[in-house]
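Here's the structure, in structure tokens; my notes come after.
Residue numbers (our numbering): 3 to 99.
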């Protein structure tokens, strides 16, 4: 208990000395940034291009296609967009002891 009290007192003393030293050597701790200044000749330079306007409508040029064409389309030569899914693996049931 005595050792813990001594350690707390030492910590408070070191903190107090650090704060006193900071306030004595540098009274202004926080510094604001300088105000923004425009670039010389900025008035004559063109501004950034405006963003293109969008209508919010999805383009309908290319219709969506299913990943797996139906059987008739596959007979006609349509290829699936994705490879076939792997077969599910199953193990024999666990025997109880």
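Quick reminder that beta carbons are idealized off the backbone N, C-alpha and C, glycines included.
Note that the coordinates shown come from a computational prediction; the quantities given were computed from them, not determined experimentally.
Limits of the unbroken alpha helix (DSSP H) element including residue i
i: residue 76; result: 73-77
i: residue 17; result: 4-27
Contact under 8 Å by Cβ, residue i with residue j
i: residue 82; j: residue 71; result: yes
Same chain, Cβ closer than 7 Å to residue i, neighbours up to 5 away in sequence not counted
i: residue 91; result: none
i: residue 13; result: none
Span separating the alpha-carbon of residue i from that of residue j
i: residue 4; j: residue 17; result: 20 Å
i: residue 21; j: residue 8; result: 20 Å
i: residue 96; j: residue 78; result: 46 Å
i: residue 87; j: residue 73; result: 17 Å
i: residue 93; j: residue 80; result: 35 Å
i: residue 38; j: residue 85; result: 57 Å
i: residue 27; j: residue 19; result: 12 Å
Own chain partners of residue i with C-beta closer than 8 Å, once the 5 adjacent residues on each side are dropped
i: residue 46; result: none
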